[in-house]
Amino acid sequence: MTHLDDADLIRVLDGAAEDPHVAECAACARRRALLARRGERLASLLEAADGARRVLTLAAGRRPPAAGQSHRSLPRWSPARLAAAAVVTLIAAGGVVPPVRAWVADRATALWHAVRGREAPAAPAAAPTGRAGSSASSVAFVPEPGFFTLHVITRQAEGELVIEPAADSIATASVESGAGTGEWVVLPDGLRLMNAADASHGYRVRLPGGVTRIVVRIGTDPARLIAPADLPVVVSLQRPVPR
Amino acid sequence: MVEDAFARHHAELFRYAARFTGDGDVAEDVVQETFVRMAERPPAHDTNLRAWLYRVATTVALDLLRASRRRFALVRSREHALPMGDPPPDPAALVEREDLRERVRAALAELEPRDRAVLLMRETGFAHREIAEAVGTTTKSVGTMIARALEKLSRRLPLDVGEDR
Numbered sequence: 001m002t003h004l005d006d007a008d009l010i011r012v013l014d015g016a017a018e019d020p021h022v023a024e025c026a027a028c029a030r031r032r033a034l035l036a037r038r039g040e041r042l043a044s045l046l047e048a049a050d051g052a053r054r055v056l057t058l059a060a061g062r063r064p065p066a067a068g069q070s071h072r073s074l075p076r077w078s079p080a081r082l083a084a085a086a087v088v089t090l091i092a093a094g095g096v097v098p099p100v101r102a103w104v105a106d107r108a109t110a111l112w113h114a115v116r117g118r119e120a121p122a123a124p125a126a127a128p129t130g131r132a133g134s135s136a137s138s139v140a141f142v143p144e145p146g147f148f149t150l151h152v153i154t155r156q157a158e159g160e161l162v163i164e165p166a167a168d169s170i171a172t173a174s175v176e177s178g179a180g181t182g183e184w185v186v187l188p189d190g191l192r193l194m195n196a197a198d199a200s201h202g203y204r205v206r207l208p209g210g211v212t213r214i215v216v217r218i219g220t221d222p223a224r225l226i227a228p229a230d231l232p233v234v235v236s237l238q239r240p241v242p243r
Numbered sequence: 244m245v246e247d248a249f250a251r252h253h254a255e256l257f258r259y260a261a262r263f264t265g266d267g268d269v270a271e272d273v274v275q276e277t278f279v280r281m282a283e284r285p286p287a288h289d290t291n292l293r294a295w296l297y298r299v300a301t302t303v304a305l306d307l308l309r310a311s312r313r314r315f316a317l318v319r320s321r322e323h324a325l326p327m328g329d330p331p332p333d334p335a336a337l338v339e340r341e342d343l344r345e346r347v348r349a350a351l352a353e354l355e356p357r358d359r360a361v362l363l364m365r366e367t368g369f370a371h372r373e374i375a376e377a378v379g380t381t382t383k384s385v386g387t388m389i390a391r392a393l394e395k396l397s398r399r400l401p402l403d404v405g406e407d408r
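As given, the protein sequences belong to chains A and B, one line each in that order.
Residue numbers are given in the numbering used here: position 120 of the first sequence equals residue 120, and the series is strictly consecutive.
Just add 243 to wherever you are in the second sequence, counting from 1, and you've got the numbering used here.
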């Protein structure tokens, strides 16, 4: 007599297949029961081992312009696009907010590539003065078409980030007047601003037409999506003043 | 649509992602990116939304696994900081629960990522056909993957307690 293997028994157990042999064969019935109990015990173990529940909420990705942010930066997207943009960031409530870590930026980069449905690309092609991983107070490179991520490590004492359209195919980023730490790092899909909380620099980024969407992340704030049609945009980097 | 889907599915999706990745922070990212994707490219109206969400979350999580081994090395280095929920009543319970978490996480981590996804989706009640679509395999292969994963887990976890094998 040929007995069913575990894979077949699982299919029968889960209703993905039928086989009258199981009902007639005591050995297969016993094995099926064992597999069923394994599944039940695994479910119990998983339940017992689950971590804390997190209360996640949707946060609007677009907010009213902050002080110093130009009216020009107000969205001009369609209602459908606005609805999509509203779903940008989940906030963990209940004090389970992960600390700021440098590797979060790497994760964000990988994730954006993941949701774009392709592997992270190599360094931008034909980078005139900047390439992925390089850093400076001023960088220029040719970005990949598509999403462009601007990740600002932290809000700072004062300062603004100006995002403008570029006249050619080269993206540039620079640190303008001010004081403190501020350096651009070229990423495979964007830029990271390595700034400090006590800095007061202003920053300017120019992006070419091939960029279809700009994702701005400042510290742990909700990400903000910007359409190239909305450029130029001025984003305040200033920390909110406690009331 | 997104708001409704979020309200209805985000909790279970987070739990799935946390089990799959072994890390709550990464799971948050997976959930976030899943709903971002839904907002940007919503599924067709006749799509099984729950299955679609799991499929996207699985893809994001699998891509994460492929994208950076370094990240997961970092995750391992900070396991002690993972959230544990409400404080247990006594230290012994804390140690016991942490030990269980670690054993389960380690056992799941030993599975092939697709086997892990298949097993965890099965735990949430998906049909083999839906699981197959989510992980990109045949319906028949799902049974094989589940059996393989259960067999492997049974050697690491007390799944056969009191059984006469």
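Backbone N, C-alpha and C define an ideal beta-carbon position, used for all residues, glycine too.
What are the partner residues of residue i, as DSSP defines its beta bridges?
{"i": "threonine 381 of chain B", "result": "According to DSSP, threonine 381 of chain B bridges with nothing at all."}
{"i": "valine 404 of chain B", "result": "Answer by DSSP bridge pairing: none, since valine 404 of chain B is not bridged."}
{"i": "glutamate 183 of chain A", "result": "A:Met194"}
{"i": "alanine 156 of chain A", "result": "Checking the sequence, you will find glutamine at residue 156 of chain A rather than alanine. Paired residues: A:Gln238."}
{"i": "histidine 151 of chain A", "result": "A:Arg192, A:Arg217"}
{"i": "serine 174 of chain A", "result": "A:Ser138, A:Arg204"}
{"i": "proline 165 of chain A", "result": "A:Leu207"}
{"i": "arginine 38 of chain A", "result": "The partner list for arginine 38 of chain A (beta bridge, DSSP) is empty, contrary to what the question assumes."}
{"i": "valine 12 of chain A", "result": "For valine 12 of chain A, which the question treats as bridged, DSSP gives no partner whatsoever."}
{"i": "isoleucine 226 of chain A", "result": "A:Ile214"}
{"i": "valine 233 of chain A", "result": "A:Ile163"}
{"i": "glycine 146 of chain A", "result": "A:Val211"}
Could you tell me whether any Cβ in chain A is nearer than 9 Å to the Cβ of residue i?
{"i": "leucine 292 of chain B", "result": "no"}
{"i": "lysine 395 of chain B", "result": "no"}
{"i": "leucine 403 of chain B", "result": "A quick correction: the sequence has aspartate, not leucine, at residue 403 of chain B. Chain A contact via Cβ: present."}
{"i": "glutamate 366 of chain B", "result": "yes"}
{"i": "leucine 400 of chain B", "result": "yes"}
{"i": "arginine 258 of chain B", "result": "yes"}
{"i": "arginine 340 of chain B", "result": "yes"}
{"i": "valine 378 of chain B", "result": "no"}
Considering only the alpha carbon of each residue, which of the options lies closest to residue i?
{"i": "glutamate 276 of chain B", "options": "B:Leu402, B:Glu376, B:Leu256, B:Gly265", "result": "B:Leu256"}
{"i": "glycine 159 of chain A", "options": "A:Ser177, A:Ile226, A:Pro228", "result": "A:Ser177"}
{"i": "isoleucine 214 of chain A", "options": "A:Ala157, A:Ala49, A:Ser44, A:Leu150", "result": "A:Leu150"}
{"i": "threonine 367 of chain B", "options": "A:Gly39, A:Ala157, A:Pro208, A:Ser138", "result": "A:Gly39"}
{"i": "proline 165 of chain A", "options": "A:Leu13, A:Gly219, A:Arg206, A:Arg32", "result": "A:Arg206"}
{"i": "alanine 48 of chain A", "options": "B:Arg348, B:Thr290, B:Lys395", "result": "B:Arg348"}
{"i": "valine 152 of chain A", "options": "A:Gly209, A:Ile170, A:Val175", "result": "A:Val175"}
{"i": "phenylalanine 148 of chain A", "options": "A:Thr212, A:Ile170, A:Pro20, A:Ala196", "result": "A:Thr212"}
{"i": "leucine 351 of chain B", "options": "B:Val303, B:Pro286, B:Leu400", "result": "B:Leu400"}
{"i": "alanine 43 of chain A", "options": "B:Arg262, B:Glu345, B:Glu339, B:Val274", "result": "B:Arg262"}
{"i": "alanine 157 of chain A", "options": "A:Ala36, A:Asn195, A:Ala229", "result": "A:Asn195"}
{"i": "arginine 155 of chain A", "options": "A:Val139, A:Thr220, A:Ser137", "result": "A:Thr220"}
{"i": "serine 169 of chain A", "options": "A:Gly210, A:Ala17, A:Leu161", "result": "A:Gly210"}
{"i": "leucine 363 of chain B", "options": "A:Asp50, A:Pro240, A:Glu18", "result": "A:Asp50"}
{"i": "arginine 11 of chain A", "options": "B:Thr381, B:Leu402, B:Arg398", "result": "B:Thr381"}
{"i": "aspartate 272 of chain B", "options": "B:Leu305, B:Arg284, B:Arg344, B:Glu376", "result": "B:Leu305"}
Report buried or exposed for residue i, applying the criterion of at least 16 other Cβ atoms within 10 angstroms of its Cβ.
{"i": "valine 404 of chain B", "result": "exposed"}
{"i": "methionine 244 of chain B", "result": "exposed"}
{"i": "aspartate 342 of chain B", "result": "exposed"}
{"i": "glycine 379 of chain B", "result": "exposed"}
{"i": "histidine 288 of chain B", "result": "exposed"}
{"i": "alanine 248 of chain B", "result": "buried"}
{"i": "threonine 387 of chain B", "result": "buried"}
{"i": "glutamate 339 of chain B", "result": "exposed"}
{"i": "histidine 3 of chain A", "result": "exposed"}
{"i": "alanine 199 of chain A", "result": "buried"}
{"i": "glutamate 24 of chain A", "result": "exposed"}
{"i": "leucine 225 of chain A", "result": "buried"}
{"i": "threonine 264 of chain B", "result": "buried"}
When the cut-off is 9 Å and only beta carbons count, does residue i lie next to chain B?
{"i": "alanine 7 of chain A", "result": "yes"}
{"i": "arginine 38 of chain A", "result": "yes"}
{"i": "isoleucine 214 of chain A", "result": "no"}
{"i": "leucine 35 of chain A", "result": "yes"}
{"i": "isoleucine 10 of chain A", "result": "yes"}
{"i": "leucine 45 of chain A", "result": "yes"}
{"i": "alanine 227 of chain A", "result": "no"}
{"i": "leucine 42 of chain A", "result": "yes"}
{"i": "arginine 224 of chain A", "result": "no"}
{"i": "alanine 29 of chain A", "result": "no"}
{"i": "glycine 146 of chain A", "result": "no"}
{"i": "valine 234 of chain A", "result": "no"}
{"i": "aspartate 14 of chain A", "result": "yes"}
{"i": "alanine 49 of chain A", "result": "yes"}
{"i": "alanine 17 of chain A", "result": "yes"}
If we define contact as Cβ-Cβ less than 9 Å, is residue i a contact residue for chain D?
{"i": "alanine 26 of chain A", "result": "Of the protein chains in this structure, namely A and B, none is chain D."}
Regarding residue i and the ligand PLP, is the C-beta to nearest heavy atom distance less than 8 Å?
{"i": "serine 138 of chain A", "result": "Judged by which ligands are present, the structure shown has none, so any question about the ligand PLP falls away."}
Stretch-stretch touch, CB-based, cutoff 8 Å, three pairs: the region 380–396 of chain B with the region 349–362 of chain B: yes
Three or more C-beta pairs below 8 Å linking the region 179–190 of chain A and the region 136–144 of chain A: yes
Given 8 Å, three or more beta-carbon pairs between the region 167–181 of chain A and the region 245–262 of chain B: no
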